[in-house]
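Residue numbers (the UniProt record's numbering): 1 to 193.
This is how it looks when you write it as structure tokens:
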């Protein structure tokens, strides 16, 4: 594999198509917003290419002392061919401390997704939160990095310095207030049964 990470209009349509098919609508920003935010150099919207073949996309936000991996997707026909693992290895080398949110692992797909990240150098942070009705768990590449409400807010507020875009972000997701918990919603429910 010879992966290249390209911030280029050449792959815009492929990135958008993969983004729309890979993430549920309630977890997506409008694609044009990711493009606009990435023009400011505080976030990277990247095409991932192997020997000229588009294999995936990522969107990463600079949160000062760490980076938030907001979106990562591999082309469906190229999954289970180690692209995801190679991409994460490259991203960890470039960005060092990366944190991300995954859907709370309460079904087989989400459990597999969590195990994929754990196998590829991410750690449990024991931090959970809810955003727009979806329950998430936070994972990080640095077991010493403290996940706080403030750095979780930065994943949105650092996307752009444009006040109009920030307003749209705040109206789309919970950008102004994050309530991290040390217990998942499913653990909380089990405790009350």
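Quick reminder that beta carbons are idealized off the backbone N, C-alpha and C, glycines included.
None of these values were measured; they are calculated from a predicted model.
Any C-beta of chain C under 8 angstroms from that of residue 151
Here chain C cannot be found, since the structure has a single protein chain.
Close Cβ partners of residue 55 (< 7 angstroms) along its chain, the five nearest in sequence each way excluded
48, 49, 74, 75, 78 and 83
If you draw a straight line from the alpha carbon of residue 124 to that of residue 139, how long is it in whole angstroms?
5 angstroms
Beta-bridge pairing of residue 194 - partner residues as DSSP gives them
Not covered by the structure: residue 194. The range shown for the chain is 1 to 193.
Measure the alpha-carbon distance for residue 11 versus residue 53 and round it to whole angstroms.
10 angstroms
Quick check on the DSSP output: what are the complete beta strand (DSSP E) runs of length 3 or more inside the stretch 86–142, in order along the chain?
98–103, 123–131 and 134–140
Look up residue 50 in the DSSP assignment and say whether it is helix, strand or coil.
strand
Could you check what DSSP says for residue 73 in three-state terms: helix, strand or coil?
In the three-state scheme derived from DSSP, where H, G and I count as helix and E and B as strand, residue 73 is classed as strand.
As assigned by DSSP and simplified to three states, the class of residue 12
helix
I believe residue 129 touches residue 165 by the beta-carbon criterion, under 8 angstroms. Please report the beta-carbon distance rounded to the nearest angstrom.
About 22 angstroms separates the two Cβ atoms, so there is no contact after all.
List the DSSP bridge partners of residue 59.
45 and 71
Any idea which residues DSSP pairs residue 165 with across the strands?
Note: residue 165 sits in no beta bridge, so no partner.
Use the C-beta contact count for residue 87: other C-beta atoms within 10 angstroms, 16 or more gives buried, fewer gives exposed.
buried
Could you check the C-alpha separation between residue 136 and residue 40 for me, to the nearest Å?
27 angstroms
Strictly by DSSP, which residues pair up with residue 6?
47
Under DSSP, the alpha helix (DSSP H) around residue 31 begins and ends at which residues?
31–38
Any contact between the stretch 154–174 and the stretch 25–42? By contact I mean 3 or more CB pairs, one from each, below 8 angstroms.
yes
By how many angstroms is the C-alpha of residue 121 removed from the C-alpha of residue 144?
13 angstroms
For residue 127, is the classification buried or exposed, using 16 other Cβ atoms within 10 angstroms of its Cβ as the cut-off for buried?
Buried: at least 16 other Cβ atoms inside 10 Å.
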